[in-house]
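**Q** Heads up: the sequence lines are chains A, B, C and D, in that order. No gaps in the numbering here: position 89 of the first sequence is 89 in the working numbering, and each next residue is one more. No gaps in the numbering here: position 216 of the second sequence is 825 in the working numbering, and each next residue is one more. No gaps in the numbering here: position 19 of the third sequence is 878 in the working numbering, and each next residue is one more. No gaps in the numbering here: position 16 of the fourth sequence is 958 in the working numbering, and each next residue is one more. Where a beta carbon is used, it is the ideal one built from N, C-alpha and C, also for glycine. Computed from a predicted structure; not experimentally measured. The following block contains the structure, expressed as structure tokens.
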Amino acid sequence: MSTESAKKFNMDTVANAAITPDVELPWAELGLKQNEFDDVVKVLGRRPTAAELAMYSVMWSEHCSYKSSKNHLRQFGEKVTEEMKKDMLVGIGENAGVTNLGDGWAVTFKIESHNSPTMIEPYQGAATGIGGIVRDIISMGARPVAVMDPLRFGAIDHPDTARVMHGAVAGIGGYGNSLGLPNIGGEMVFDSVYQGNPLVNALAVGVMRHEDIRLANASGKGNKVVLFGARTGGDGIGGASILSSESFDNSKPSKRPAVQVGDPFAEKVLIECCLELFKGSLVEGIQDLGAAGISCATSELASNGDGGMEVELTSVLLRDPTLTPGEILMSESQERMMAVVSPENIAAFEAVMEKWAVEYSWLGEVTDTGRLIIKWDGEVIVDVDPRTVAHDGPVYDRPYARPEWQDALQADTFTGSVQDAARPSTPEELKAAMLELVASPNMCSKDWITNQYDRYVGGNTALAFPDDAGVIRVDEETGLGFAVATDANGRYTFLDPYHGAQLALAEAYRNVATSGAVPMAVSDCLNFGSPEDPDVMWQLAEAIRGLSDACMVLGIPVTGGNVSLYNQTGTTPIHPTPVVAVLGKFDDVARRTPSGWAEDGQAIYLLGT
Amino acid sequence: MSETPLIGGATLAPVDSRLAGARIGVVTFPGTLDDRDAVRAVRLSGATAVELWHADTELADVDAVIIPGGFSYGDYLRAGAISRFAPLMTKIVDAANSDAKLPVLGICNGFQILTEAHLLPGSMIKNDHLKFLCRDQVLRVENNTTAWTNAYAAGEDITIVLKNQDGQYIADEKTLDALEAEGLVAFRYMGGNPNGSRRDIAGISNAAGNVVGLMPHPEHAVEAGYGPGHTGTDGLGFFNSVLNTLLGDK
Amino acid sequence: MPRIVVDVMLKPEILDPQGKAIVGALPRLGFTAFSAVRQGKRFELTVDGEVTEEILAQAREAAETMLSNPVIEDVVNVEVVAD
Amino acid sequence: MPRIVVDVMLKPEILDPQGKAIVGALPRLGFTAFSAVRQGKRFELTVDGEVTEEILAQAREAAETMLSNPVIEDVVNVEVVAD
Ligand SMILES: Nc1ncnc2c1ncn2[C@@H]1O[C@H](COP(=O)(O)OP(=O)(O)O)[C@@H](O)[C@H]1O
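In structure tokens form, the structure reads like this:
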């Protein structure tokens, strides 16, 4: 189709790469290290083409490959017993974990970060964070039913905090409300350590029948690969214009936006459209497009499948016709999905697209070659083993050590409510301390935020703010449902990463339990500074060790999560902030317990130590 | 600790074949969000919910229509602006204006669509505080003679859910005066105006009383445990009202 | 490619909440010269090829029927910009 | 009273969901002449008295710093309209 635009580039084909081994490639600008680039050359047995370089550079980034955390994250998979796994239908590794709710129902949930996009453009950064996590949930075959948003901002009186916070909250509301997903909880912490690195974590929950679970894999030779949803634009590839080296003519690449603008309406339509596809069993495999866009979707679908895949990149519908192949492969344009459809379902698939007025294009098909082949106007520009892109990225054993200052930090005790004051002793002092506490930005009412979120849509919200956990009914007949709570305490974790992470888990676990649910599964978002700093790496290693140990003790598995590193300004990292989400189950949500006193005269007990 | 569940199950209204015979259409546009809630509300009232799609060209013999809330077409351009041109909307407008006076209820985005379609006067602009606002909202029933309000007492206060960003009702003074004079203000906000709406107007009706639009959401207040204050079911009156109308009880 | 610009503003008698917020915020940033602000919409419609009278008429009609709501808004401008 | 008009559009490379929805809806109403639509903002700033160079400079600065979000938007026009 777009052979016209195809001609505009003088392609760096695989054939060309084979005969021009010495062409300089901008691997460093794309974030690859020398050893990583050397690995790419070794894997391919030749230099990568510009398009291949684009794919490896995004897929081997920290964000997509978990290269610094992988060795530690293994513990989540290792420290589990058979008993812990009994309700786990899909574990770590897929887009989101799936837990058995009973009666043929399953629930999937996951938490992710959208921290740095929010710093740059708070509204859109936070909004697209919701959009991204919701697509993860859809791609499991589920109907998304709720979202949550643990947030961390800088000091409440810093001038930039208002910009970030107002924008982020409006963006989360703007996107989530438009999707018809009740927001059932979150957190809000102000602390100057997050001034330059606010944390916007987004959690989504979805439900499905067991038979509807979908996995991201491309199987069955001859099945067709389709891209649907929004058109592909230059979003999120700001740095990739250096890939202009892949076109050897003089036409300057157009400006590439550094931020993405979300289109919640497009995503809402995409949700309904996907659910209709699932209902008709019209897709064999499906994958959302998030960071790393088509690079990620094609390589993951292909490497999780049993064969290979061949696609024609000029078939991708573009918003910006000047995009180069590498840019198309890297684009992070929102609101897109990729699916594998068997030939007999093509007509039915297209009918669903037409009904919802969703654009789509057929890109290629599943093969049995074991290779991922991407062509540009018939010329091969990518020819790789998809596993090497999606799964066999670099893994680092980064050095870590307990910081020298940790002892001093722990020895620095805090004595009173007002800094440097003594412990309150008189009733008046106690009262003043109490008032100071409840009025503090981190303890006060969160209404300003929660009033901007729709908690009623769907008609199944049994608990939301100000309760300790959000509770959603899944089945109207039986009252089957779930509870979710998220918690984290950066200051505790800074003082003691091992126990701090455990405290976060324990708090979320308690919040779910006190709502009346039985805790079942954990998802976590590990927000840390640079893994190249041994102090930070120690915090990360300790937090993961603590969390995985505590999961063993509590008997609930981690089913998925996300790691967000490099949250630091200069050499100053944020406090280590592992946000932990716990999911629990209700046989009947009618039995859920709201927090707060319900009636006069009830007795008050304090339980525990 | 009492053993009583704190919230009830999805208790259906007593089965009454006359009620079940009433077919209430619920329209879905791309971007509609509260259609499933509206369907549930219809079901809980005992009537039969009929799902309608914006691109349909027939009204499927429904006896009444609900245009539910949401962000049809993302609220892009203006809330309701694009939906108003849907094929089904032409049918709905004709049927509402016909002698049969099809009862039509527009909730939130549905209200916005009805004003864009000129079935109801005035329009909605951004809330005066410019933010999305979700809260439990007390309304006074000002007119209990419409197809959708006759189950309430005149002057009754009800609590349902308010949630919107473009909820500020505006119209010129002449229109507002006429609405007041003819008793077409159906609901007024109590306990503080949440969005700057002129004269605290939360909902209005047409002169015939068959078309009603309001910003707050009765369909989110029909089942104990899932509505305002964990117990509120004040929204059920809307659906009972239209059944009264259809069955000729009022 | 030529574009047709359509400008739509809220009718003068309607209070504009966004404009009001802006006029309140401007002085805080030192912009003290403005006594009122109104926020409206600007649409750019791209035409492939020449803008004929017929196309301009289409734009005018679209402006009145869809791009604006005559109950609250005025179309203040419809013009061709070439570039 | 003189007014200064400020026009702000999303940068061309940024997705405009509203424009996209509008261009999809126009043909359904028979408006088939337009291949793309972008929706932006038009601000009218009222000045009490004469529009001096200094006031125009204020408007330009306000346009860049407050009326537009330079990360995603461009100020495409700042001009005085008298009426
Ligand atoms: N960013 C947010 N988004 C949604 N809900 C939030 C957010 N922040 C706080 N909440 C909700 O507000 C309520 C009070 O929060 P918080 O004071 O953190 O509770 P607690 O201290 O009891 O854990 C909870 O229901 C929580 O889920």
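Please report the straight-line C-alpha distance between B/Glu791 and B/Glu782, rounded to a whole angstrom.
**A** 14 Å
**Q** Under a three-way DSSP split, which group does B/Val702 fall into?
**A** helix
**Q** Taking its Cβ as the centre, do 16 or more other Cβ atoms sit within 10 Å of B/Gly764, making it buried, or is it exposed?
**A** exposed
**Q** Between the alpha carbons of B/Arg645 and B/Ala658, how many angstroms are there, rounded?
**A** 10 Å
**Q** Rounded to the nearest angstrom, what separates A/Val205 and A/Ser219 at their Cα positions?
**A** 27 Å
**Q** Are any of the Cβ atoms in chain A nearer than 8 Å to that of D/Leu971?
**A** no
**Q** Three or more beta-carbon pairs under 8 Å between the stretch 261 to 277 of chain A and the stretch 172 to 179 of chain A, yes or no?
**A** yes
**Q** Distance cutoff 8 Å, beta carbons only. Does B/Leu686 sit that close to anything in chain D?
**A** With respect to chain D, the C-beta atom of B/Leu686 has a partner C-beta closer than 8 Å.
**Q** Smallest Cα separation from B/Ala629: which of B/Phe638, B/Leu653 and B/Asp643?
**A** Residue B/Leu653 holds the alpha-carbon nearest to the alpha-carbon of B/Ala629 among B/Phe638, B/Leu653 and B/Asp643.
**Q** Pull the bridge partners of A/Ala581 from the DSSP assignment, please.
**A** A/Thr486 and A/Ser523
**Q** Kindly indicate if chain D contains any beta-carbon less than 8 Å away from that of B/Gly776.
**A** no
**Q** Using the rule of at least 16 other Cβ atoms within 10 Å of the residue's Cβ for burial, across every protein chain shown, is A/Leu243 buried or exposed?
**A** Interpretation of A/Leu243 is limited by its pLDDT of 43, a score under 50 that renders its predicted location unreliable; no figure is taken from the coordinates.
**Q** Of all Cβ atoms in chain A, is any one closer than 8 Å to the Cβ of B/Tyr798?
**A** no
**Q** Does DSSP put B/Ser654 in a helix, a strand or coil?
**A** coil
**Q** Mind pulling the chain C residues with CB within less than 8 Å of B/Ser681?
**A** Those do not exist, as B/Ser681 stays about 15 Å from chain C at its closest Cβ, beyond 8 Å.
**Q** Out of A/Asp475, A/Ala603, A/Arg491 and A/Gly529, which has the shortest C-alpha to C-alpha gap to A/Val589?
**A** A/Asp475
**Q** How would you list, in chain order, the residues of chain A whose beta-carbon sits under 8 Å from the beta-carbon of D/Gly966?
**A** Ala357
**Q** Would you tell me roughly how many angstroms separate the C-alpha atoms of A/Leu688 and B/Asn752, rounded to the nearest one?
**A** The question about residue 688 of chain A has no answer, for chain A in this structure spans 1 to 609.
**Q** What does D/Ala963 reach in chain A if we use C-beta pairs closer than 8 Å?
**A** Phe265
**Q** Looking at the C-beta of A/Lys268, does it have a partner C-beta in chain B at a distance below 8 Å?
**A** yes
**Q** Just how far apart, CA to CA, sit B/Lys772 and B/Gly679?
**A** 10 Å
**Q** Could you check the C-alpha separation between A/Gly516 and A/Cys273 for me, to the nearest Å?
**A** 35 Å
**Q** Below 8 Å, how does it come out for the stretch 462 to 476 of chain A and the stretch 137 to 157 of chain A: are there three or more Cβ pairs, yes or no?
**A** yes
**Q** Could you work out which residues of chain C lie near B/Glu789, taking near to mean beta carbons separated by less than 7 Å?
**A** Residues of chain C passing the Cβ test: none, with the nearest at roughly 18 Å.
**Q** Span of the alpha helix (DSSP H) holding D/Gly966?
**A** Pro959 to Ala967
**Q** Mind listing, in chain order, the continuous beta strand (DSSP E) runs of no fewer than 3 residues lying wholly within the stretch 516 to 576 of chain A?
**A** Fully enclosed beta strand (DSSP E) runs of 3 or longer: 518 to 527 and 558 to 564.
**Q** Do the CB positions of A/Ser69 and A/Val563 come within less than 8 Å of each other?
**A** Against a cut-off of 8 Å, the Cβ pair of A/Val563 and A/Ser69 comes out as a contact.
**Q** Determine the extent of the beta strand (DSSP E) in which B/Tyr835 is found, giving its start and end residues.
**A** B/Tyr835 -> no beta strand (DSSP E), and no H or E assigned at all.
**Q** Just the C-alpha distance for B/Leu661 and B/Ser732, rounded to the nearest angstrom, thanks.
**A** 25 Å
**Q** Does the stretch 360 to 370 of chain A come into contact with the stretch 36 to 45 of chain A, if we say contact requires no fewer than three beta-carbon pairs (one atom in each stretch) closer than 8 Å?
**A** no
**Q** Quick one: which chain C residues come within Cβ less than 7 Å of B/Lys735?
**A** For B/Lys735, the C-beta contacts it makes with chain C under 7 Å involve Pro876 and Gln877, in order along the chain.
**Q** Pull up the DSSP beta-bridge partners for D/Arg980, would you.
**A** C/Glu903
**Q** Could you list which residues in chain E have their beta carbon closer than 7 Å to that of A/Arg319, in chain order?
**A** The chain inventory of the structure shown lacks chain E, comprising the protein chains A, B, C and D.
**Q** Using the three-state DSSP reduction, which class does D/Val1013 fall into: helix, strand or coil?
**A** Three-state DSSP puts D/Val1013 in coil, outside helix and strand.
**Q** Contact defined as beta carbons within less than 8 Å: I believe A/Gly285 pairs with A/Asn201. What is the distance between those atoms, to the nearest angstrom?
**A** The beta-carbon separation of A/Gly285 and A/Asn201, rounded to 28 Å, does not stay under the 8 Å limit for a contact.
**Q** Please classify A/Ile19: does DSSP put it in a helix, a strand, or coil?
**A** helix
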